[in-house]
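Student:
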Amino acid sequence: MNRFVNKVAVVTGASRGIGEEISKELLRRGVNVVGLVENSGELQHASEIFQTQPESYKGKFTAFICDISQEKEIIETFSKIKSTFGSIAILVNNAGIALPVANKMSELRGEDFSRVFDVNVKGLCLCSNEAVKLMTERSVGGHIVNVNSTLSLPHLSASMVPVYSVSKKAARAFSESLRSELIKDTRNIKITNLSPGLVNTNLPRMHGLPVPDDSDRVLSVQDVANGCIAILDTPPHVVVLEYTVVAKYCDFQ
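Add 507 to the 1-based position in the sequence shown for the working numbering, that's all there is to it.
Below, the structure written as structure tokens:
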């Protein structure tokens, strides 16, 4: 991680859950974090979180409001990042949403797909594209980590969260396509899919998914953050294409 000290990492969905924990781990290692949050309430929440025990952080935290379902906001936010910091070295695409479990695939409407895909796919794609521009303009290179899901794997799906599952597969396809393009252009940018199984966050609970109390059956946000750090802590010539992590006895993989 030494090569990222004093560099800038952009983390979407940085104010809670996995994004919050990844941001903290980066800050502890001397990386300056720009957290993208959805609204003013999340901005206030993020400010309160990262003002607590600031002595434990070697990097600086800055938050911007950016609804990543809106292309205009993404472009404007990355323009602010460029004018403020010049370039970035890391993008962690963490923000994601799901629909309630009650929504069956056969009963879904176009607006249901739009709600999820606008964040989980379009937002991820557009943030990645803007990040690539900043990483290449000054030839700094970088690393994009897409916090995906085991549901993105070809042999897995979940009838309880059908649109979420489909969106994660689409995000994986985008990652692989962008990686192939960047390799051909010999740009010094790595792309990794970080695919955890069930994680103990508010997201599954908000949508009616059962979350076990047993730590052997569900991951913590710290487990996922540790995975992200392990991915970033590889030598410059090494890239982890896929990092899949599940709890030892996870039933929902």
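Glycine residues also receive a C-beta, built at the ideal position from the N, C-alpha and C atoms. Because the structure is a prediction, the values reported are computed rather than measured.
(1) For the beta strand (DSSP E) holding Lys451, just list the boundary residues, first then last.
(2) Under the rule that 16 or more other beta-carbon atoms within 10 Å means buried, what is Ala737, buried or exposed?
(3) Pairs of beta-carbons, one from the stretch 587 to 601 and one from the stretch 546 to 563, closer than 8 Å: are there three or more?
(4) Just checking my contact of Phe571 with Val599 at CB under 8 Å: how many whole Å lie between their CB atoms?
(5) Grouping DSSP H, G and I as helix and E and B as strand, with all else coil, what is Val626?
(6) Using the beta-carbon count (16 or more within 10 Å), is Tyr564 buried or exposed?
(7) Roughly how many angstroms lie between the CA atoms of Thr751 and Glu545, to the nearest whole one?
(8) Looking only at its own chain, which residues have a Cβ that is under 6 Å from the Cβ of Glu583, when we skip the five neighbours before and after it?
(9) Give the secondary structure of His744 by DSSP, where H, G and I count as helix, E and B as strand, and everything else as coil.
(10) Going by C-alpha distance, which of Pro561, Gly649 and Ser674 is nearest Pro661?
Tutor: Let's see:
(1) The question about residue 451 has no answer, for the chain in this structure spans 508 to 760.
(2) By the 10 Å Cβ count, Ala737 comes out exposed.
(3) No, they do not touch.
(4) In this structure, Phe571 and Val599 do not form a Cβ contact; the two beta carbons are roughly 14 Å apart against a cut-off of 8 Å.
(5) Three-state result, Val626: helix.
(6) Burial is judged here by how many other beta carbons sit within 10 angstroms of a residue's own beta carbon; Tyr564 has at least 16 and is buried.
(7) For Thr751 and Glu545, the distance between alpha carbons rounds to 27 Å.
(8) By the criterion of a C-beta distance shorter than 6 Å, Glu583 is surrounded by no residue of its chain, once the five residues flanking it on both sides are discounted.
(9) The answer is coil: DSSP assigns His744 none of H, G, I, E or B.
(10) Residue Ser674 is the option with its Cα nearest to Pro661.
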